[in-house]
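A quick write-up on the structure given underneath.
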Amino acid sequence: YRFKIGVATGGAGAGDIRLTAQGGTNRIFLGNATNTQLLTVDGLNNRVGIKNTILPNSVLDINGDLALREGPALALPNSATPAATLTAGAEYSHYRVIGPTVPFSLQTISGGNDGQVLTLVNTTGQIMSIANNNVANGILTGTGGNLTGLTTGNSSVTLVYNTTLARWIVTSYAGLTNT
2 YRFKIGVATG GAGAGDIRLT AQGGTNRIFL GNATNTQLLT VDGLNNRVGI
52 KNTILPNSVL DINGDLALRE GPALALPNSA TPAATLTAGA EYSHYRVIGP
102 TVPFSLQTIS GGNDGQVLTL VNTTGQIMSI ANNNVANGIL TGTGGNLTGL
152 TTGNSSVTLV YNTTLARWIV TSYAGLTNT
C-alpha cells in the first residue's frame, strides 16, 4: 500500500499536483489532531465525503449543512422584459435582483452551467414575473404558463440549469402565481 505524490513539471498541466492512494481501500483522509475525518476522497468509487463520512454514498456526501452563498446584487436593465446574464467564473447560487423601476418579466438567463442551482429574490419594489419561455437560455416554469408576482418585491424563484435542454427549470417559487 502506497501514497504517491506527483507534480507535473512541463506541458499544459505544469504545476498540477496529484495525490493518490494505491492498494487497500484507495481512500485519502484529511483530518485534525483528534483523528476526525474532515474530508474523505474515495478513489475506488470516485466519491468525496465531508465531515466524518468515511464511506461516501454519493459523488458528494456531506454530513452536515450546505451553504450556497449570496453573490453581488444581480442588476437587471430597467425594462419590462430584461434578460439576466451571469458572469462566467463568478457565479453564485443566490442573488438579490435589483434594477427595474417598472413591473418586469424575466425572459432569459444566460451564463448557466449544467446542474447550477439559482435562487433569485426580487428586491426591486416592482412586480416580478417569470416567463415560460421555451428558447435557448429561457425558463420552463413547469406550469405551462407564466409565473406572476402577487405583490411588489420579495418574491423568489429557484431554478436549475439543464445543458441538454439549454433551459432553466423552475423547481420552486414563492410570492408568484401561475397565470
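Residue numbers (the working numbering): 2 to 180. Every residue gets a Cβ at the ideal spot worked out from N, C-alpha and C, and that includes glycine.
Is the beta carbon of residue i sitting closer than 9 Å to the one on residue j?
{"i": "S94", "j": "L69", "result": "yes"}
{"i": "G50", "j": "Q38", "result": "yes"}
{"i": "T124", "j": "Q108", "result": "no"}
{"i": "I99", "j": "L67", "result": "no"}
{"i": "G116", "j": "V171", "result": "no"}
{"i": "L40", "j": "T26", "result": "no"}
Looking at C-alpha atoms only, which residue of the options is the closest neighbour of residue i?
{"i": "N134", "options": "W169, V161, Q117", "result": "W169"}
{"i": "S156", "options": "T120, G146, G145", "result": "T120"}
{"i": "S59", "options": "A74, I131, V42", "result": "V42"}
{"i": "T21", "options": "F30, I6, L31", "result": "I6"}
{"i": "N138", "options": "P73, I110, R97", "result": "I110"}
If you count every other CB in all the chains shown that lies within 10 Å of the CB of residue i, and 16 or more means buried, which is it?
{"i": "A89", "result": "exposed"}
{"i": "V122", "result": "buried"}
{"i": "T165", "result": "exposed"}
{"i": "S173", "result": "exposed"}
{"i": "G14", "result": "exposed"}
{"i": "V158", "result": "buried"}
{"i": "Y96", "result": "buried"}
Under 9 Å, Cβ to Cβ, is there at least one residue of chain B near residue i?
{"i": "I63", "result": "The structure shown has no chain B; it contains just one protein chain."}
Does the ligand MN have a heavy atom nearer than 8 Å to the CB of residue i?
{"i": "T10", "result": "Annotation note on the ligand MN: not contained in the displayed structure, which lists no ligands."}
Secondary structure, beta strand (DSSP E): runs of 3+ residues fully inside the region 130-169:
Correct list: 139-141, 148-150, 157-163.
Going residue by residue through the region 64-114, where are the continuous beta strand (DSSP E) segments of at least 3 residues, counting only ones entirely within it?
Qualifying beta strand (DSSP E) stretches, in chain order: 95-99, 105-107.
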